[in-house]
Structures are given as C-alpha cells and as structure tokens.
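Peer 1: A single structure is presented below for examination.
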Amino acid sequence: LIRKDDGYDTTGHTSLVADDYTPYQIGSEGWYQGVHFGVIGRVRMAWSDGFWNEWHLFFDDGRFGWLAEAQGQLAILFEERSPEFLDYFREAMKFSKSKGCFLNTEIFIEQIEYICRDTKVASCIALEGELPQFIRQHEQRVCVDMSSLMSRCVTAEIDPVCGSLRVFTGEYVSFKDLRTYNLRELEGWRPR
Amino acid sequence: VRAYGISISFVCESCGGIIEAGERGGARLAHAAKKGFDGSGLVFPLGSRGTFDDIEWEVIGCMRRKDVDWKFYWDEYLLFNPYEGFRFLINSNGHFALATMRASLPDLRGSASAPLVDGVDFKLYHRGVSVVVEVVGEFYWRVKIGERTGYADHIAPPLCFTLEVPNFDKDSIDPQHEMNYSLVSYIERAEVCEAFGISSSSLSQSQSGVFPFQPNHYKRAAPLMWLWFVVAAFTLFFLQVSLVANCESYGLLNVARDISPTERDQEITLGEVTLTKPLQNIEIRSHAPVSNSWVEVEYELESLTGDESAWISQPIEYYFGRDSDGAWSEGSQSTTSLGGPLSAKTYKVLATVDAQSFLAGNPTPLTVSIRADVPVYGNLAICIFLLLIPPVLVSLMSSKFERDRWAESDFSPYDD
Chain Z
712 LIRKDDGYDT
722 TGHTSLVADD
732 YTPYQIGSEG
742 WYQGVHFGVI
752 GRVRMAWSDG
762 FWNEWHLFFD
772 DGRFGWLAEA
782 QGQLAILFEE
792 RSPEFLDYFR
802 EAMKFSKSKG
812 CFLNTEIFIE
822 QIEYICRDTK
832 VASCIALEGE
842 LPQFIRQHEQ
852 RVCVDMSSLM
862 SRCVTAEIDP
872 VCGSLRVFTG
882 EYVSFKDLRT
892 YNLRELEGWR
902 PR
Chain F
113 VRAYGISISF
123 VCESCGGIIE
133 AGERGGARLA
143 HAAKKGFDGS
153 GLVFPLGSRG
163 TFDDIEWEVI
173 GCMRRKDVDW
183 KFYWDEYLLF
193 NPYEGFRFLI
203 NSNGHFALAT
213 MRASLPDLRG
223 SASAPLVDGV
233 DFKLYHRGVS
243 VVVEVVGEFY
253 WRVKIGERTG
263 YADHIAPPLC
273 FTLEVPNFDK
283 DSIDPQHEMN
293 YSLVSYIERA
303 EVCEAFGISS
313 SSLSQSQSGV
323 FPFQPNHYKR
333 AAPLMWLWFV
343 VAAFTLFFLQ
353 VSLVANCESY
363 GLLNVARDIS
373 PTERDQEITL
383 GEVTLTKPLQ
393 NIEIRSHAPV
403 SNSWVEVEYE
413 LESLTGDESA
423 WISQPIEYYF
433 GRDSDGAWSE
443 GSQSTTSLGG
453 PLSAKTYKVL
463 ATVDAQSFLA
473 GNPTPLTVSI
483 RADVPVYGNL
493 AICIFLLLIP
503 PVLVSLMSSK
513 FERDRWAESD
523 FSPYDD
C-alpha cells in the first residue's frame with residue numbers, strides 16, 4: 712500500500728520475508744544515543760554473495776532511521792536529505808556514472824575522512840511493515856559502503872537506471888549498545 | 113543449517129560437497145564432493161558451544177588454511193551468535209586466538225606496516241598468502257577450496273591486527289582491492305577449555321613454540337619484580353643503617369704475649385670480658401708474625417656462671433715466595449672472626465694454641481683484640497645479591513621470549 716493525500720493505493724504484492732535467523736522483528740524496541748526507537752518496517756536485501764536486513768526505525772523524537780544488520784554487524788543510519796549535502800557528495804565521489812567501482816575512494820564529511828570499503832549491486836527481495844518510500848521488489852541499487860577511522864560510516868545507494876542518489880550517515884553499533892527488547896524468540900539462544 | 117538466512121555456503125560433513133544459496137532463493141551444488149575435513153576429527157565439533165566474555169558462541173564451520181610460502185597450517189572455526197554476529201576461533205600449533213571482524217578503518221599514518229588501532233600501536237610481523245585447503249560446515253560468504261587470500265599480521269601482544277585481501281591472485285596488494293580487517297586476541301588454552309567445558313587433554317595438539325602475539329608473562333612480571341627488588345633493597349639498606357647506628361662497637365680486651373711450646377694445646381686464660389648490651393656479637397682479631405708458617409688458635413668465651421659459651425677457631429697462616437710467574441703470597445698474618453651472639457655477662461677468654469714454630473721449640477708471639485657489638489656489612493651485600501637473582505632471571509627470560517617470538521618473522525627488530 713502507498714499512502715497518498717487522500718488515502719491508500721494498492722501497488723502490488725511482495726514476497727513474504729524469507730525466514731532468517733535475526734533477533735529483530737517489527738515491534739522490537741531499543742535505545743540509540745538516549746532516544747527510544749521502535750522497529751516499524753524491514754527491507755531484506757540480497758546480492759550475489761549474501762543477504763542483509765534494513766530495519767526501518769521510528770524514534771521518539773520524530774526522526775526515522777535505519778538499523779542495518781549484515782552478518783551480525785549492526786549500524787544505525789539516518790538519511791541525508793539536504794540538496795547541498797547530496798551535491799557535495801556527488802561531486803566529491805565523482806559520480807559521473809551511476810554504476811561503477813568506488814573502492815578506496817575518499818571523502819571528508821564534517822572533517823571525518825571516509826573510505827569506500829565495498830561496492831555491490833543489490834536488490835530488495837522482500838519487504839514488510841512501514842517504509843518511507845515506495846520500493847519495488849527486485850529493483851537494483853548500487854550500494855557503496857564507507858568507513859572511517861572511528862565507528863562512523865556512510866552508505867550511498869545509487870539507482871543504476873536513473874542515477875538518483877540516496878546517502879545515509881551513521882555509526883556502527885553493537886547489540887549491547889542498542890539495549891533492544893521485544894525481540895524475536897530464537898530457540899536455544901538468549902540475548903546477553 | 114544453523115544460521116539460516118545468513119549463511120550462503122554449506123559444506124557437507126559427510127561428502128565435502130559445497131552447496132551455495134542462490135540470490136533469489138534456491139540452492140546449487142557449487143563444488144562437487146571432495147574428501148575434506150573429517151568433521152568428527154575437529155577439536156570443536158560443529159554445533160558445540162563455547163562462552164567467551166559472557167557471550168555464548170556456536171561452532172558452525174571450520175576452515176583449514178595454509179600459508180603458501182611458509183607451508184604452515186591453521187584452523188579457523190566460524191562461531192555464530194544470532195545477537196552478536198560472528199567470531200573466528202583460530203587454532204594454530206596448539207595456540208588459540210579469537211578474531212573479530214572490524215568495520216572501522218585502521219590509522220595507517222602513512223605506513224601500512226605500523227597501524228594504530230583503538231590507540232594501540234601494532235608492528236608488522238608477517239605478510240603472506242594463504243590458501244583454503246579444507247572446509248566443513250556453513251559460512252556467510254562463498255567458500256572455495258583453493259581460494260587465496262593475501263594477509264598481513266601486525267602484532268601488539270596479546271593482540272594482532274590482520275589485514276586480508278580476499279581473492280588474492282597477484283604478487284602484491286592492489287590498492288584498489290577490497291580489504292578486510294580483523295582484531296585478533298590471544299586466548300590461553302585453559303580459557304578455551306573452560307569456554308567449551310572440555311579438559312585440556314581434549315586439545316589433542318600440544319602447544320609448540322611462541323605464538324606471534326602470545327603475551328609475554330615474563331615481560332609483565334619483570335617491572336614488578338624490579339620494583340620489589342628496589343623496595344626490598346632500600347628497606348634492607350635503611351635497616352642496616354639503623355643497625356649500624358645502634359652499634360656501640362666497644363673494645364673489651366687487648367692482649368699481646370708469647371706462647372711457649374710448653375703451652376701447646378693447653379687452655380690459656382687471656383683475661384675476662386664483660387658484655388653490657390642484652391645481646392651482641394663479638395669480633396676477635398688475632399695477629400701472629402708468621403712467615404711461611406702457621407698458627408692455629410681456638411678461642412672459648414665461657415661465662416663465669418658456666419651457662420653460656422662461644423667457640424671461635426682461627427687459623428693464621430702466611431706463605432710467600434717467587435716462582436716462574438714472579439712473586440706470590442698467600443694468607444695473612446692477621447685473622448678476624450665474628451662470633452656470638454652473647455648476652456650481657458662476664459666471660460672468661462680461653463685460648464688453645466698450636467703453631468708450626470713449636471715443632472722447632474720456638475715460642476710464637478700472639479696479639480689478640482676483642483671487640484663487642486661491631487657493625488656487619490657483608491650480610492647486606494649477600495641479601496642484595498640474592499634479591500637480584502629473581503628479577504635478573506625474569507628479565508633474561510623475557511628477552512629470550514621476545515627473541516623466540518620474532519624468530520619466525522621477516523620483520524624482526526632483532527635482525528641486524
């Protein structure tokens with residue numbers, strides 16, 4: 712369903728999210744930098760060498776964010792929407808083409824140096840819950856992951872068809888940092 | 113499958129076939145059956161669980177890797193916890209280490225051989241290429257037997273910072289290549305046994321050699337031992353100073369007389385001495401002008417009440433001459449000995465004398481000087497020497513440990 716000014720439209724159906732061994736679920740809650748959040752949606756991504764989850768978060772201060780969960784590594788990310796930032800990012804990364812290798816490309820954001828660690832073409836294989844925008848299943852994106860000396864990180868997503876750019880900035884976190892609860896029961900396991 | 117939805121490669125324990133998950137569901141046989149690991153022969157079987165730092169981990173895979181040039185092998189067990197992610201338990205030469213993949217970058221400060229990670233300085237220990245020789249279990253990446261990985265180990269015991277370049281098929285690391293970083297922490301065998309609830313005899317491989325980032329316990333102990341030495345030496349020194357300051361060192365008796373041959377082996381009374389402190393030592397100094405001959409004196413200090421006595425034996429001998437190496441001499445005409453302790457009483461000083469000159473019928477002159485409560489310095493020197501032994505030994509062992517650690521490295525600071 713897509714929310715419009717005068718109601719909702721049905722745009723299609725998505726696959727059920729394939730079961731995976733994640734402790735998170737819609738309804739899980741936690742804390743990040745002292746602000747409480749709830750998990751309200753999920754996008755499951757796949758690429759040639761694996762899968763990851765992007766959990767859509769709603770914070771008590773009104774912000775929306777993402778919890779990226781890949782091979783047990785967690786990151787909290789917020790979308791950078793200002794046109795000036797996107798222009799700067801596009802220029803700094805020399806995005807002359809919508810698809811390409813940016814490995815080891817450097818960029819400075821607020822005096823922090825980020826280096827591109829990974830570039831891959833991925834697609835959404837399933838979604839559930841509330842999401843901030845319309846995502847078409849199996850739509851491809853070029854995902855560029857960047858890390859800093861500290862725990863800060865940046866993820867950029869490029870639409871290989873139209874070249875549109877979305878940038879998310881945030882930091883790597885640990886399971887313990889988020890103090891999550893209302894987690895999914897995993898047989899034989901208990902959170903620390 | 114233990115980490116479903118996360119693992120993408122599954123290696124059959126029975127036949128060694130590798131099945132890979134497809135991007136959009138389904139699976140394919142990526143590698144035909146090949147005799148691989150005998151899963152039952154693993155130190156930590158698939159499905160076994162161990163607890164490190166209060167986090168329980170399950171063994172879901174194991175990979176045996178070999179350094180292409182140095183031909184040494186090690187096993188990497190993939191550990192999984194659905195809340196915490198993955199760790200690698202490394203077993204090499206009976207040594208163990210736990211590796212955590214790092215998302216943050218190291219600070220290379222312009223030098224790839226000296227990274228700074230979380231404020232810790234690492235030193236380059238080894239650069240090499242590894243190849244996967246055996247696999248079993250499941251993995252979150254596509255495992256391939258024969259896959260080569262470029263790697264560089266940087267050490268700061270008990271830590272190691274490892275940089276890996278997957279799918280490495282060149283002679284040098286391409287700066288445009290993807291790199292993975294991991295922080296590896298050495299684990300003592302006892303800790304591994306405790307973590308998995310097994311006995312040390314279950315770890316079939318005995319530990320050999322010094323592991324590159326094995327902590328040097330001698331190095332940790334040495335400063336503490338030197339500190340103890342300094343504290344103990346100063347304490348003893350001040351104790352000595354205070355003891356010496358309290359010594360009255362008073363003279364009791366000075367006697368000079370000729371001992372005739374008829375007095376040989378007779379008890380001769382030299383006089384009486386009165387000791388005034390509750391407890392004190394006594395020093396007897398004997399002088400005889402012997403020349404290529406000897407005198408032997410046995411002193412006995414016997415209290416007048418007959419309940420306390422002390423014996424001191426003093427050989428006095430002095431020889432000299434000249435041979436092909438020149439002049440030589442041996443012994444002395446004077447001897448000093450300490451005795452006691454004796455309590456505050458009056459003592460009769462008796463001497464029994466024998467001398468070489470008696471054989472020729474000649475007397476021997478003897479001068480005796482007795483003092484009480486004299487300061488003694490030799491004990492302090494002996495104590496300090498004994499106290500020095502442990503820190504010196506530990507420092508030497510620490511140095512040997514470090515040399516052994518770097519013996520296998522091409523980047524040893526001990527190489528000229």
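Which chain is which? The protein sequence lines are Z and F, in order.
Mapped onto the numbering used here, the consecutive letters of the first sequence carry residue numbers 712 to 903.
Mapped onto the numbering used here, the consecutive letters of the second sequence carry residue numbers 113 to 528.
Quick reminder that beta carbons are idealized off the backbone N, C-alpha and C, glycines included.
1. Determine the chain F residues that contact P902(Z) at a beta-carbon separation under 7 Å, and present them in chain order.
2. Taking M756(Z) as the reference, give the member of A833(Z), D870(Z), K887(Z) and E898(Z) with the closest Cα.
3. Any chance you could list the beta strand (DSSP E) runs of at least 3 consecutive residues sitting entirely within the region 227 to 289 of chain F, in chain order?
4. My understanding is that I482(F) touches V353(F), with C-beta atoms under 8 Å, so please give their C-beta distance in whole angstroms.
5. Who pairs with E379(F) in a beta bridge, going by DSSP?
6. Using a Cβ cut-off of 8 Å (strictly closer), state whether G874(Z) contacts chain F.
7. Going by the beta-carbon positions, is the gap between E379(F) and T464(F) smaller than 8 Å?
8. Compute the distance between the beta-carbons of F198(F) and Y189(F), then report whether it is under 8 Å.
9. Residues bridged to C174(F) by DSSP?
10. When the Cα of L382(F) is compared with those of G129(F), V488(F), V409(F) and N393(F), which residue comes out closest?
11. What residue range does the beta strand (DSSP E) around T476(F) cover?
12. Would you kindly report the start and end of the unbroken alpha helix (DSSP H) that includes I501(F)?
13. Do S119(F) and E250(F) have their C-beta atoms within less than 8 Å of each other?
14. Which residues in the same chain have their Cβ closer than 6 Å to the Cβ of E790(Z), if we skip the five residues on either side of it in sequence?
15. Compile a chain-ordered list of the residues in the region 266 to 282 of chain F whose CB is closer than 9 Å to at least one CB of chain Z.
16. Answer with buried or exposed for H329(F), where buried requires no fewer than 16 other C-beta atoms within 10 angstroms of its C-beta.
17. Whose C-alpha, out of W763(Z), F769(Z), L768(Z) and D888(Z), is nearest the C-alpha of E780(Z)?
18. Would you identify the three-state DSSP class for D856(Z), choosing helix, strand or coil?
19. Do S449(F) and I424(F) come within 8 Å of each other at the CB atom, strictly closer than that value?
20. Taking only the alpha-carbon atoms, compute the straight-line gap between G783(Z) and N815(Z) and give it to the nearest angstrom.
21. How is T458(F) classed by DSSP in three states: helix, strand or coil?
22. Does the beta carbon of D219(F) come closer than 8 Å to any beta carbon on chain Z?
23. Give a yes or no on whether 8 Å exceeds the smallest Cβ distance from I299(F) to chain Z.
24. Cutting at 7 Å between CB atoms, please list the residues of its own chain near G433(F), excluding the five before and the five after it.
25. Given that a residue counts as buried once 16 or more other Cβ atoms are within 10 Å of its Cβ, and exposed if not, what is Q822(Z)?
26. Output the distance between the C-alpha atoms of Y314(F) and V304(F), rounded to the nearest integer angstrom.
27. In terms of alpha-carbon separation, which member of L355(F), V248(F), P453(F) and F208(F) lies closest to I172(F)?
28. Check whether the Cβ of S160(F) lies closer than 8 Å to any Cβ atom in chain Z.
29. Can you pull the chain Z neighbours of S225(F), defined as C-beta to C-beta under 9 Å?
30. If you count every other CB in all the chains shown that lies within 10 Å of the CB of I494(F), and 16 or more means buried, which is it?
31. Would you give the residue range spanned by the beta strand (DSSP E) that H747(Z) belongs to?
32. Tell me K831(Z)'s beta-bridge partners as DSSP assigns them.
33. What's the C-alpha gap between Q326(F) and R177(F)?
34. Should E850(Z) go down as buried or exposed, given a rule of 16 or more other Cβ atoms within 10 Å for buried?
35. May I ask you to verify whether the region 507 to 524 of chain F touches the region 221 to 240 of chain F, counting CB pairs closer than 8 Å and requiring at least 3?
36. Suppose the cutoff is 7 Å on Cβ atoms and the five residues either side in sequence are ignored; what does the same chain contact list for K887(Z) look like?
Peer 2: According to the structure shown:
1. Going along chain F in sequence order, the residues near P902(Z) (Cβ under 7 Å) are Y195.
2. The option with the nearest alpha carbon to M756(Z) is A833(Z).
3. Correct list: 235 to 251, 260 to 268 and 271 to 277.
4. Under the criterion of beta carbons closer than 8 Å, I482(F) and V353(F) do not qualify as touching, at roughly 26 Å.
5. Secondary-structure assignment with DSSP links E379(F) through a beta bridge to T464(F).
6. So, not an interface residue.
7. Yes, the Cβ-Cβ distance between E379(F) and T464(F) is below 8 Å.
8. No, the pair does not count as a contact, with Cβ atoms beyond the cut-off.
9. According to DSSP, which records beta bridges pairwise, C174(F) is partnered with Y189(F) and V248(F).
10. Nearest option by C-alpha distance: V409(F).
11. Per DSSP, the continuous beta strand (DSSP E) segment holding T476(F) begins and ends at T476 to A484.
12. For I501(F), the enclosing alpha helix (DSSP H) covers residues G490 to W518.
13. Yes, Cβ-Cβ distance for S119(F) and E250(F) is below 8 Å.
14. Answer for E790(Z): F879, listed in chain order.
15. For the region 266 to 282 of chain F, the beta-carbon criterion of a distance under 9 Å to any beta-carbon of chain Z is satisfied by none of its residues.
16. It is exposed - the Cβ of H329(F) has fewer than 16 other Cβ atoms within 10 Å.
17. Selected option, being the one with the closest Cα: W763(Z).
18. Look at D856(Z) here: in three-state DSSP terms it is strand.
19. Yes, they are a contact pair.
20. The C-alpha of G783(Z) lies about 23 Å from the C-alpha of N815(Z).
21. If DSSP states are grouped into helix, strand and coil, T458(F) belongs with the strands.
22. Under the Cβ distance rule, D219(F) counts among the residues neighbouring chain Z, one pair being separated by less than 8 Å.
23. Cβ-Cβ to chain Z under 8 Å: no for I299(F).
24. Taken in chain order, the residues that qualify are W440.
25. Counting every other CB atom within 10 Å of its CB across the protein chains shown gives Q822(Z) a total below 16, marking it as exposed.
26. The residue you asked about is not Tyr; residue 314(F) is Ser in the sequence shown. If you draw a straight line from the Cα of S314(F) to the Cα of V304(F), it comes to about 11 Å.
27. If we check each option's Cα against that of I172(F), V248(F) comes out closest.
28. Answer no: the Cβ-Cβ gap between S160(F) and chain Z never drops below 8 Å.
29. Taking a Cβ-Cβ threshold of 9 Å, none of the residues of chain Z is close to S225(F); the smallest such distance is about 18 Å.
30. It is exposed - the Cβ of I494(F) has fewer than 16 other Cβ atoms within 10 Å.
31. Here the beta strand (DSSP E) through H747(Z) covers V746 to W758.
32. Partner(s): C854(Z).
33. Distance between the alpha carbons of Q326(F) and R177(F) is about 20 Å.
34. In summary, E850(Z) is exposed, with fewer than 16 beta-carbon neighbours lying within 10 Å of its beta-carbon over all protein chains present.
35. Yes, the region 507 to 524 of chain F is in contact with the region 221 to 240 of chain F.
36. Setting aside the 5 residues that flank it on each side, K887(Z) is surrounded in the same chain by R903, each with a C-beta closer than 7 Å to its C-beta; the list follows chain order.
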